[in-house]
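Worksheet: one structure, shown below.
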Amino acid sequence: MRKAGWLVLLLAMSFEVAAYEPGLTFGMDFVGGKVADERLGEVAFALGVQAVDHYSSWGPTIGISVSLGGPEVEQGWETSILKGDLYARHRFFRGSTLEPFVGGGVSAVYLSKRYCHQSRQMREGVIETDRECSGSGLSSTGFNYQVGLTYSVGTGARREGAFEVFLAGYAGRNEVRFGMLGVRLSR
């Protein structure tokens, strides 16, 4: 069995629907999975997605976090990732400048891998190049978790913004594992 790893850049939009808390999340994803008996591993830059945070002590961040990655081509291999999360957070010491939080929920992930190569053929005296691809996909469902710290500027209705640092992860079916180190800016 051949083992390989790829670098994939993930980009997604991020926003949060709350009274004063739209935000943008940046992170570094460490992804592992298995597609068609091949090991699949990526390190990915990601902009996360968070939808609704009621911003109480125990407020669900009901959201859909979607990351779309690739295709990144390396030695003929193309990989891409689509991931969605639904989770809730518990914030400690609400209203203080530093607020630790923990969270967890469920996730769904789809990884795909294709091998592409080019072939040249002579047709009616002209050389034509064809691109042929074959591949497989893998889906996984499982649980996500996160732990982090929020630094707030201002409080309550006078809140001017927040900066978060967090660790997050995912473990699911088919040996798929994610890990994330990220920061989040909100206003």
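Those letters in the sequence shown? Residues -19 to -1, 1 to 168, by mature numbering (1 follows the signal peptide of the UniProt record, and there is no 0). For glycine and all other residues, C-beta sits at the position ideal for the given N, C-alpha and C.
For Ala149, same chain residues with a beta-carbon under 6 angstroms away, outside a window of 5 residues either side, are Gln127 and Met161 in chain order. Under DSSP, Phe147 shares a beta bridge with Gly129 and Gly163.
Between Val146 and Val164 the beta-carbon gap is near 5 angstroms, inside 8 angstroms, which marks them as a contact. The continuous beta strand (DSSP E) containing Gly85 extends over residues Leu79 to Arg104. Shown here for Tyr132: same chain residues with a beta carbon closer than 7 angstroms to its own, the five before and five after excluded, namely Thr78, Leu79, Ala143 and Phe144 in chain order.
Under the Cβ criterion (8 angstroms, minimum of three pairs), the region 105 to 124 counts as touching the region 89 to 97. In its chain, beyond the 5 residues on either side, Thr110 and Arg112 have a beta carbon closer than 6 angstroms to the beta carbon of Gln99.
Straight through space, the alpha carbons of Asn155 and Ser93 are spaced by roughly 13 angstroms. The three-state reading of DSSP puts Arg75 in coil, since its state is none of H, G, I, E or B. Within its own chain, the residues whose Cβ lies closer than 8 angstroms to the Cβ of Leu130, once the five positions on either side in sequence are excluded, are Leu79, Glu80, Pro81, Phe82, Glu145, Val146 and Phe147, listed in chain order. Distance from the CA atom of Gly106 to the CA atom of Ile62, rounded to whole angstroms, is 41 angstroms.
Its chain contains Tyr68, Ala69, Phe124, Asn125, Tyr126 and Gln127 as the residues whose beta carbon lies nearer than 8 angstroms to that of Gly85, once the 5 sequence neighbours on both sides are disregarded; these appear in chain order. A distance below 6 angstroms between beta-carbons, with the five flanking residues on each side excluded, links Gln102 to the following residues of its chain, in chain order: Glu109.
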